[in-house]
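Here the structure is laid out as structure tokens; the discussion comes afterwards.
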Amino acid sequence: MTKVIGIDLGTTNSVIAVMEGGDPVVIPNAEGLRLTPSMVAVNKLGERLIGQVARRQAITNPENTIFPSSA
Numbered sequence: 001m002t003k004v005i006g007i008d009l010g011t012t013n014s015v016i017a018v019m020e021g022g023d024p025v026v027i028p029n030a031e032g033l034r035l036t037p038s039m040v041a042v043n044k045l046g047e048r049l050i051g052q053v054a055r056r057q058a059i060t061n062p063e064n065t066i067f068p069s070s071a
């Protein structure tokens, strides 16, 4: 059986879905959310942060955060 996956890399949010039984099913991220903010960052320890985690620290660490101008 062929697997179908759809990835929407949006400028504000991203989402991934698979087809199951003819219907699209959104895959939740590590935090259980269906949408993931399209943001990445590096914290003070040099760790890469993505999605909601990167978004949460964007105000206190803007120089190390990449985010869309629409966020």
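Position 64 of the sequence shown, counted from 1, bears residue number 64 in this note's numbering, the numbering being contiguous throughout. Here a beta-carbon is modelled for each residue, glycine too, at the ideal position from N, C-alpha and C.
DSSP bridge partner residues for residue i (one or two, in chain order)
| i | result |
| --- | --- |
| Val-15 | Asp-8 |
| Ile-27 | DSSP lists no partner for Ile-27. |
| Arg-48 | Val-42 |
| Thr-36 | Ser-14 |
Of the listed residues the options, nearest to residue i (C-alpha basis)
| i | options | result |
| --- | --- | --- |
| Val-25 | Leu-49, Val-4 and Thr-60 | Val-4 |
| Asn-11 | Val-40, Gly-21, Ile-27 and Thr-60 | According to the sequence as given, residue 11 is Thr; it is not Asn. Ranking Val-40, Gly-21, Ile-27 and Thr-60 by Cα distance to Thr-11 puts Val-40 first. |
| Asn-61 | Asn-43, Val-53 and Phe-67 | Asn-43 |
| Asn-29 | Asn-64, Asp-23 and Ala-17 | Ala-17 |
| Asn-13 | Ala-54, Glu-63 and Met-19 | Ala-54 |
Local Cβ density within 10 Å of residue i, reported as buried at 16 or more and exposed below that
| i | result |
| --- | --- |
| Arg-34 | exposed |
| Leu-49 | buried |
| Thr-65 | buried |
Beta-carbon spacing of residue i, residue j below 7 Å
| i | j | result |
| --- | --- | --- |
| Pro-37 | Gly-46 | no |
| Val-15 | Asp-23 | no |
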